[in-house]
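Chemist: In this note's numbering, the protein residues as written are 997 to 1236. Can you read through this structure? Questions will come right after.
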Ligand SMILES: [Zn+2]
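The following block contains the structure:
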């Protein structure tokens, strides 16, 4: 999915598509059985047993937690980011316009996965992820590789002043005015934040795919406005 990770053959990076089905687990409902089956099938494409997958239960916050083997198969509450140095442990979360952001530090053999919508980006979740990799795993910013997206693009992420306010420092480079409307480039905001955190420009790859535009391929919360949530699942892990 990202060229930046291609050299690292032990790394598994994936994002499901519409044809793989709805992946969001809401709770104890009959529909969740379908999501569970869809997830199982998707993980099996990569030869991953679902019991090896840790999931983040998203709250649009900035909490990034380190997980280990004891968290296998668990749903981690109140978090939008996961990190681990454990091999054969896979991190997952769902997205449908928000950006899935994949981190890998090949020097330290660690990975992280973050769910970044505008709320989390404005609460500095990327800083939290990089700090987590530094403090828990000894990573250095210049060694960290990052893949951003797919997610809603500046072609479709229309905002009002409340959202705009939160990103004042990035407005000059990320604001697009069209037909009297204001759009923000969230992927570019993520990139600028990562650069501020000391990551190398050559180590950041941004997906050009917009989930709203790619109606055949992805669910989009803004486009579909579904009664029941429909989302893709992102996954990252390091094989043994
Ligand atoms: Zn678009």
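Note that the Cβ used here is the ideal one computed from N, Cα and C, for glycine as well. Here the structure is a predicted model, which is why all the values come from computation and not from measurement.
1. Does the beta-carbon of residue 1081, which I'm using as the reference point, lie nearer than 6 Å to any heavy atom of ligand 1?
2. For residue 1064, which of 1164, 1166, 1079, 1054 has the nearest alpha-carbon?
3. Kindly list the residues whose CB is nearer than 6 Å to the CB of residue 1075, restricted to its own chain and excluding five residues on each side of it in sequence; keep chain order.
4. Which residue wins for smallest C-alpha separation from residue 1089, given the options 1050, 1106, 1083, 1116?
5. Nearest-angstrom Cα distance between residue 1223 and residue 1167?
6. Given that a residue counts as buried once 16 or more other Cβ atoms are within 10 Å of its Cβ, and exposed if not, what is residue 1032?
7. Could you tell me the distance, in whole angstroms, from the CA atom of residue 1244 to the CA atom of residue 1072?
8. Hey, how far is the Cα of residue 1066 from the Cα of residue 1157?
9. Quick one: what's got a C-beta closer than 8 Å to residue 1068's C-beta in the same chain, skipping five residues either side?
10. Between residue 1197 and residue 1026, what straight-line distance do the alpha-carbon atoms span, to the nearest angstrom?
11. Hey, would you say residue 1101 sits closer than 7 Å to residue 1140, going by beta carbons?
12. What's the gap between the Cα of residue 1154 and the Cα of residue 1008?
13. State yes or no: is the C-beta of residue 1106 within less than 7 Å of the C-beta of residue 1200?
14. With DSSP run on the structure shown, which of helix, strand or coil describes residue 1090?
15. Can you tell me which of the three DSSP states residue 1190 falls into?
16. With respect to the alpha helix (DSSP H) encompassing residue 1131, which residues constitute its N-terminal and C-terminal limits?
17. Comparing alpha-carbon positions, which option in 1005, 1036, 1003 lies nearest residue 1018?
18. Does the beta-carbon distance from residue 1194 to residue 1137 come in below 7 Å?
19. Going along the chain, which residues of its own chain have a beta-carbon closer than 7 Å to the beta-carbon of residue 1177, five neighbours each way excluded?
20. Excluding sequence positions up to five away, which residues of its chain have a Cβ less than 6 Å from the Cβ of residue 1217?
21. In whole angstroms, what separates the C-alpha of residue 1185 from that of residue 1134?
22. Who are the Cβ neighbours of residue 1232 in its own chain at under 6 Å, not counting the five residues just before and after it?
23. Provide the residue span of the beta strand (DSSP E) that contains residue 1234, from first to last.
24. Give me the residue from 1126, 1180, 1056 with the minimum Cα distance to residue 1112.
25. Please look up how many angstroms separate the CB atoms of residue 1183 and residue 1145, rounded, as I've assumed it's under 8 Å.
26. Would you check whether ligand 1 has a heavy atom nearer than 6 Å to the C-beta of residue 1149?
Modeler: With the structure as the only source:
1. Residue 1081: no, Cβ never under 6 Å from ligand 1.
2. That would be 1079, whose Cα lies nearest to the Cα of residue 1064.
3. Contacts found: 1052, 1059, 1061.
4. Nearest in C-alpha terms to residue 1089, of all of 1050, 1106, 1083, 1116, is 1050.
5. Cα to Cα, residue 1223 sits roughly 33 Å from residue 1167.
6. Classification for residue 1032: exposed.
7. Nothing in the structure corresponds to residue 1244, since the chain is present only between 997 and 1236.
8. Cα to Cα, residue 1066 sits roughly 44 Å from residue 1157.
9. Within the same chain, and ignoring the five residues on either side of residue 1068 in sequence, the residues whose Cβ sits closer than 8 Å to its Cβ are 1047, 1048, 1049, 1050, 1085.
10. Computed Cα separation, rounded: 45 Å.
11. For residue 1101 and residue 1140, yes; Cβs fall inside 7 Å.
12. Rounded to whole angstroms, residue 1154 to residue 1008 spans 33 Å at the Cα level.
13. Not closer than 7 Å, so no.
14. Three-state DSSP puts residue 1090 in a strand.
15. Helix.
16. Annotation: the continuous alpha helix (DSSP H) that includes residue 1131 extends over 1121-1133.
17. When each option's Cα is compared against that of residue 1018, the closest is 1036.
18. Going by C-beta atoms, residue 1194 is nearer than 7 Å to residue 1137.
19. Closer than 7 Å at the Cβ level, and outside the excluded window around residue 1177, lie 1154.
20. For residue 1217, where only same-chain residues beyond five positions count, the Cβ hits under 6 Å are 1092, 1093.
21. Taking the straight line from one Cα to the other gives about 26 Å.
22. 1009, 1087, 1098, 1107, 1109.
23. Run containing residue 1234: 1228-1234, per the beta strand (DSSP E) assignment.
24. The shortest CA-to-CA distance from residue 1112 to any of 1126, 1180, 1056 is the one to 1056.
25. Residue 1183 to residue 1145, Cβ: 6 Å. Contact.
26. Checking the Cβ of residue 1149 against ligand 1 gives yes.
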